[in-house]
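**Student:** What follows is a structure written as structure tokens; I'll ask about it next.
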């Protein structure tokens, strides 16, 4: 018993020492980086919290994750410390901004000056691997060149895939008085539509796999979000917690990738964007047969395609329409006047919906970054 207690204390002491050493290292490197940057660039306001090592800031971030109050926390920080501020906690400085010029620089005009960084890559590596959303430099450029077909005009103009999954989503929305969770429905819609867009049509027998895949993504994102909020202590949220869900994703996607590689080697026309057999995966298989790399790109694109569309629909657009019935009435009138209720929309008729565009743009303007 005494030996067991001694061993437990030894492990606890080792862990405490490792954490302290890590924090001291992060603190020293962060200060040196801050000193060098101060000599050449304008610095944001710095907030280090009220307690040593900014423990209170760290705790606020964890509480925001637990209670899904990221928006409220962000707005509070900007009101107190300005539109661009550096939060310093656990030996690490993190810059938050909602300044439009800064956001434009990061996402467009000076995009190449900003990278994911080693810590972010390490946080997400088990899930995203070498995905375009976790890579930097040459690896990012290679991944981006492979995934470019995702954004080709021919594919984004194909409404058949979207229409099929919209009809399924409408069927799930009860016409009666029953309350439904729109967010769940929109996540299912955007996930299924993204999956078919990326890998091509799947057999109906694959429905159960899609449900398993979607649920695994849900759980993994919760853990990755917690790792992100933990900052330099992300390693305290170990990968084995969500390793089973990663295996579920791999078991579902690797057979699809392997089949696509075989098909691409037999029929080169599958990679042609004008082919009826085209899929983004088939196009990528024309360039590489690296199964792991292809799997990583699929996971990244699925996460991006699912979350952005579902969040834009449920968390922003439909939420705001429910709060502004006069806007909803005007939007509905425009749709009925320009498309009607009998005919399926086309790209041209969708592009003519000026008020709908304005509603979506207004709903998706970020309140913080």
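Residue numbers (full-length UniProt numbering): 1 to 369.
The beta-carbon is built from N, C-alpha and C at its ideal position, and this holds for glycine as well.
Can you have a look at residue 3 and say buried or exposed, based on whether 16 or more other CB atoms are within 10 angstroms of its CB?
**Tutor:** The pLDDT assigned to residue 3 is 47, lower than 50, so where the model puts this residue is not dependable; a value taken from the coordinates is nonetheless given after this. So residue 3 counts as exposed.
**Student:** Quick one: grab the DSSP three-state call for residue 89.
**Tutor:** Residue 89: strand per DSSP, three-state reduction.
**Student:** Roughly how many whole angstroms lie between the Cα atoms of residue 311 and residue 208?
**Tutor:** If you take the alpha carbons of residue 311 and residue 208, they lie about 24 Å apart.
**Student:** Starting from residue 94, follow its DSSP beta bridges and name the residues at the other end.
**Tutor:** In the DSSP output, where bridge partners are listed per residue, residue 94 has 87.
**Student:** On a Cα-Cα basis, can you pick out the residue from 60, 89, 335, 91 that is closest to residue 76?
**Tutor:** Taking only the C-alpha atoms, the option nearest residue 76 is 60.
**Student:** Report yes or no: do three or more beta-carbon pairs, one from the segment 285-298 and one from the segment 132-150, lie closer than 8 Å?
**Tutor:** In short, these stretches touch, since the Cβ pair count reaches three.
**Student:** Taking DSSP as the reference, what is the three-state secondary structure of residue 8?
**Tutor:** Residue placement at residue 8 is poorly supported in this model, since its pLDDT is 47, which falls under 50; the coordinates are not used for a value here.
**Student:** In chain order, what residues of the same chain have a beta carbon less than 8 Å from the beta carbon of residue 323, not counting five sequence neighbours either side?
**Tutor:** Here the set comprises nothing.
**Student:** What residues are listed by DSSP as bridge partners for residue 45?
**Tutor:** DSSP lists 85 as partners of residue 45.
**Student:** Can residue 214 and residue 191 be called in contact, C-beta distance under 7 Å?
**Tutor:** A contact, by the Cβ cut-off of 7 Å.
**Student:** On a CA-only basis, which of 348, 354, 353, 352 is nearest residue 158? Give me that one, please.
**Tutor:** Considering only alpha carbons, the answer is 348.
**Student:** To the nearest angstrom, how far is the alpha carbon of residue 283 from that of residue 146?
**Tutor:** Roughly 8 Å separates the two Cα atoms.
**Student:** Under 7 Å between the Cβ atoms of residue 96 and residue 54?
**Tutor:** Cβ atoms of residue 96 and residue 54: not closer than 7 Å.
**Student:** Short of 7 Å in beta carbon distance, which residues of its chain neighbour residue 140, apart from the five on each side in sequence? Order them along the chain.
**Tutor:** Same-chain partners within the cutoff: 132.
**Student:** Should residue 94 and residue 246 be called a contact, given that it needs their Cβ atoms to be closer than 7 Å?
**Tutor:** Not closer than 7 Å, so no.
**Student:** Kindly indicate which residue of 188, 261, 222 has the alpha-carbon position closest to the one of residue 237.
**Tutor:** If we check each option's Cα against that of residue 237, 222 comes out closest.
**Student:** Considering Cα atoms alone, identify which of 330, 194, 71, 78 is closest to residue 305.
**Tutor:** Taking only the C-alpha atoms, the option nearest residue 305 is 194.
**Student:** Assign residue 368 to one of three DSSP states: helix, strand, or coil.
**Tutor:** Bear in mind that a pLDDT of 39 at residue 368, under 50, signals an unreliable position, so the model cannot answer this.
**Student:** How would you label residue 46, buried or exposed, when you count the other beta carbons within 10 angstroms and need 16 or more for buried?
**Tutor:** It is exposed - the Cβ of residue 46 has fewer than 16 other Cβ atoms within 10 Å.
**Student:** Is it buried or exposed, residue 253, if we count other Cβ atoms within 10 angstroms and call 16 or more buried?
**Tutor:** The residue in question, residue 253, is buried, as its Cβ has 16 or more Cβ neighbours within 10 Å.
**Student:** Hey, could you find the ends of the alpha helix (DSSP H) residue 211 is sitting in?
**Tutor:** Run containing residue 211: 207-230, per the alpha helix (DSSP H) assignment.
**Student:** Going by C-alpha to C-alpha distance, which of 316, 199, 248, 308 sits closest to residue 260?
**Tutor:** Residue 260 has its Cα closest to that of 199, out of 316, 199, 248, 308.
**Student:** Could you give the C-beta distance for residue 334 and residue 356, rounded to a whole number, given that I count them as a contact under 8 Å?
**Tutor:** That pair is a contact at about 6 Å.
**Student:** Starting from the C-beta of residue 229, find all residues in its chain whose C-beta is less than 8 Å away, skip the five residues before and the five after it, and write them out in chain order.
**Tutor:** For residue 229, where only same-chain residues beyond five positions count, the Cβ hits under 8 Å are 61, 62, 64, 65.
**Student:** Might you give, ordered along the chain, the residues of its own chain that have their beta carbon closer than 8 Å to the beta carbon of residue 163, omitting 5 neighbours on each side?
**Tutor:** Cβ within range, chain order: 344.
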